[in-house]
Structures are given as structure tokens and as C-alpha cells.
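Remarks on the structure that follows.
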Amino acid sequence: MALTESTQTQLPPAADVPAVTPKKQPTEVFIRELIETLLLTFFIFFLVNSLVGRYRIDGSSMNPTLQDSEYLIVNNLSYYLGEPERGDIIVFHHPTSDLNLIKRVIGLPGDNVVIENGVVTVNGIALDEPYISAPPTYRGQWTVPEGEYFVLGDNRNSSSDSHTWSFLPKENIVGKALFIYWPFSKWGEVPHYEQSLE
208 MALTESTQTQ LPPAADVPAV TPKKQPTEVF IRELIETLLL TFFIFFLVNS
258 LVGRYRIDGS SMNPTLQDSE YLIVNNLSYY LGEPERGDII VFHHPTSDLN
308 LIKRVIGLPG DNVVIENGVV TVNGIALDEP YISAPPTYRG QWTVPEGEYF
358 VLGDNRNSSS DSHTWSFLPK ENIVGKALFI YWPFSKWGEV PHYEQSLE
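The sequence shown begins at 208 in the working numbering and counts up one residue at a time.
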């Protein structure tokens, strides 16, 4: 029997061939990890800023509770999950300007608010207000429409609020003030004051 010479090289079975992947260059790995880190950082930054806001107090309208130049953290989701309550300190967009303001909720939708002789009454009940700087020297009566709120500054006689520009629509509310983070000497929760009319 004659044999003929084969010109094809015989390869070992595929199972016997070790898999080899090209090694990535250190620069390529570094760039990929840098991009991933930056994307994650931007995502976390966006998420945090969607949940909370940071604001600086500018003025004395919330004295003595909040002082000029204090910095606050505000929960932007508070009123997506619930309704504002009497005594809440809230940040909101001014109804007729581009300003962000901070005031205390006094009247809820449907409430009858009366200010007379330095006393604020809601639905005939005088509010207990240890947080104000001085009793208001003005007077008036307001019935709060549905979907709106009556807000006042704690520095009653030096505040632009519902007694001067009327009611605050709910859609203008940004969130509930949570925490004072600067200066460190004032570090702590914002002191809300629940007002029960019962």
C-alpha cells in the first residue's frame, strides 16, 4: 500500500487548544474605570439633588427660628407623599416673582384665619406660637381656598407673606425644611411646631 504525503497540518482537537484573550492595556482599563466612576458620580449627584435641596436663608423674616445666612437641607419629596400640615416650615416659589421663600404654614385649604389684637386664630381657635419674635401688629381675616395655603414668617412684623400677598398655591411648594447644616453651631433639625386645633 502506498502512502502519499499530506500538505495539510494536523491540529489537535479544539478542546486541547487553550483560549487566549488579548490583555487590555493599563491605559484602556484606567479610562474605562474613570468613565464608569464619573457616570456613577453624576447619577448619584442627580439623584441626591432630586430628593433634597440646599438653601441659604437670606433675611430676617423667620427670626428667631431661622437666622440670616444659615444653610438648610430641604426634602423635595415631602409633599408628593403627603400634605403640608400647620406648623410646617416650607420652601416655595413666590406666587408672583422668581424668589424662593421660606415660611411657616398657618392655614390649610378651607381654614378661616383671623389675625386680631396680636393673636392668630384658625377656625376660631387661637394658635399657641412660642416661636414668633413678637405678636403681629396688623389685622385681617382670610378664608383659604382649596389647593392653597396661608403662610406667615415667624418674624411677623418683618415678613412678606400671605398677609401681604395672599395665598400660596400647593404647586408652588418646593419642600419641607429638614435640617440646618451651617453654621456648625446651629447644626440640627429645623424646629417645626405641630398645631392641633382639637
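All residues carry an ideal CB built from backbone N, CA and C; glycine is no exception.
Can you tell me where the beta strand (DSSP E) with residue 349 in it begins and where it stops? Residue 349 -> beta strand (DSSP E) spans 347 to 350.
Taking the DSSP output, what are the residues bridged to residue 290? Answer is none; residue 290 lacks a bridge partner.
Can you give me the Cβ contacts of residue 326 inside the same chain, cut-off strictly under 6 Å, excluding the 5 residues immediately before and after it? 333
Could you check the C-alpha separation between residue 388 and residue 303 for me, to the nearest Å? 29 Å
DSSP has residue 323 in a bridge; who is on the other side? 326
Proximity to residue 308 [Cα-Cα], best of 404, 265 and 331: 265
Check whether the stretch 359 to 369 touches the stretch 281 to 291, counting contact only when three or more Cβ pairs, one atom from each stretch, lie closer than 8 Å. They do not touch, by the three-pair rule.
Select from 262, 269 and 260 the residue whose C-alpha is nearest the C-alpha of residue 339. 269
Exposed or buried, what is residue 384 when buried is set at 16 or more other beta-carbons lying within 10 Å of its beta-carbon? By the Cβ neighbour-count rule, residue 384 is buried, with 16 or more other Cβ atoms within 10 Å of its own.
Kindly indicate which three-state DSSP category residue 233 falls into: helix, strand or coil? helix
Just verifying my parser: in three-state terms, what is the DSSP assignment at residue 300? strand
Straight-line Cα distance separating residue 238 from residue 211: A caution first: residue 211 carries a pLDDT of 33, below 50, which makes its placement in the model too unreliable to give a value.
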